[in-house]
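Novice: Sending over a structure as structure tokens; questions will come in a sec.
In structure tokens form, the structure reads like this:
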């Protein structure tokens, strides 16, 4: 949901001094001059790797908590930037990407496939991702569509790994 109809301006790095904006902008990843969502997704891969030592239920609880914080910080950043889902807001990509990789063995082929799937679902916005993107506003809307994309990408990845195991 856009607050301003104009093309979003590039945010100032000074926003990183505000804790909510620093988190929403992925600690600066969202300031990338090109493809900030992809850069935020790469940060999500690092988050997924950091969660590997934890049991999947604990890692899931951590992601749930980070999602809740994301609703708040993305809402704050959207208001400060004047655009609810400004391209520089990438915390949703960080958490969505980590969700994609939540139950995946930490091997580069799995992570690469998960990365490609998540970016595809996030960009193409198939049902229900697109519906959430269009109908839910504010920080909740910013987070929900990427969590849905992460869930769909993760389920697709699990099915692909299962199919590969049966063929191999």
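Residue numbers (our numbering): 35 to 202. Note that CB positions come from ideal geometry on N, CA and C, so glycine has one too.
(1) Could you check whether residue 152 and residue 184 sit closer than 7 Å to each other, using their CB atoms as the reference points?
(2) Excluding sequence positions up to five away, which residues of its chain have a Cβ less than 7 Å from the Cβ of residue 147?
(3) Which residue from 48, 44, 79, 198 puts its Cα closest to that of residue 126?
(4) Under 8 Å: do the region 153 to 165 and the region 85 to 101 share three or more Cβ pairs, one atom per stretch?
(5) Give me the residue from 180, 149, 141, 145 with the minimum Cα distance to residue 160.
(6) So is residue 118 buried or exposed if we call it buried at 16+ other beta carbons inside 10 Å?
(7) Please report how far the alpha carbon of residue 35 lies from the alpha carbon of residue 112, in whole angstroms.
(8) Please report the Cβ distance between residue 85 and residue 63, rounded to the nearest whole angstrom; I am assuming they are in contact, meaning their Cβ atoms lie under 8 Å.
(9) What's the C-alpha gap between residue 186 and residue 162?
(10) Within a Cβ cutoff of 8 Å, which residues of the same chain sit near residue 37, ignoring the five residues on either side of it in sequence?
(11) For residue 51, which residues of its own chain have a beta-carbon under 6 Å away from its beta-carbon, when the five flanking residues on both sides are left out?
(12) Could you pull the start and end residues of the alpha helix (DSSP H) that residue 124 belongs to?
(13) Compute the beta-carbon to beta-carbon distance between residue 149 and residue 75, rounded to the nearest angstrom, for a pair I have assumed lies under 8 Å.
Specialist: This is what the structure holds:
(1) Taking the chain shown and counting its residues from 1, one reaches residue 184 at position 150. Taking the chain shown and counting its residues from 1, one reaches residue 152 at position 118. Going by C-beta atoms, residue 184 is nearer than 7 Å to residue 152.
(2) The residue you call residue 147 lines up with position 113 of the chain shown. Result list for residue 147: 191, 194, in chain order.
(3) The residue you call residue 126 lines up with position 92 of the chain shown. Nearest of 48, 44, 79, 198 to residue 126, Cα basis: 79.
(4) no
(5) Along the chain shown, one-based indexing puts residue 160 at 126. It is 180 whose Cα lies nearest to the Cα of residue 160.
(6) The sequence position of residue 118 within the chain shown is 84, counting from 1. Residue 118 is buried by the Cβ-count criterion.
(7) Position 1 of the chain shown, counting from 1, holds the residue named residue 35. Position 78 of the chain shown, counting from 1, holds the residue named residue 112. With a pLDDT of only 41 at residue 35, under the threshold of 50, the placement of this residue in the model should not be trusted; the figure read from the coordinates follows. About 10 Å.
(8) In the chain shown, counting from the first residue as 1, residue 85 sits at position 51. In the chain shown, counting from the first residue as 1, residue 63 sits at position 29. With a Cβ gap of about 18 Å, residue 85 and residue 63 do not count as contacting.
(9) Your numbering for residue 186 matches position 152 in the chain shown. Your numbering for residue 162 matches position 128 in the chain shown. The straight-line gap from Cα to Cα measures roughly 9 Å.
(10) Residue numbering aside, residue 37 sits at position 3 when the chain shown is read from its first letter. The predicted position of residue 37 is uncertain, since its pLDDT is 45 and thus under 50; a value taken from the coordinates is nonetheless stated next. So the list reads 112, 113, 116, 117, 118, once near-sequence residues are dropped.
(11) The residue given as residue 51 occupies position 17 in the chain shown. Excluding positions up to five away in sequence, the list is empty.
(12) By one-based count along the chain shown, residue 124 stands at place 90. Premise fails: residue 124 is in no alpha helix (DSSP H) and is neither H nor E.
(13) Against the chain shown, residue 149 aligns to sequence position 115. Against the chain shown, residue 75 aligns to sequence position 41. Indeed they touch by this definition, with Cβ atoms about 6 Å apart.
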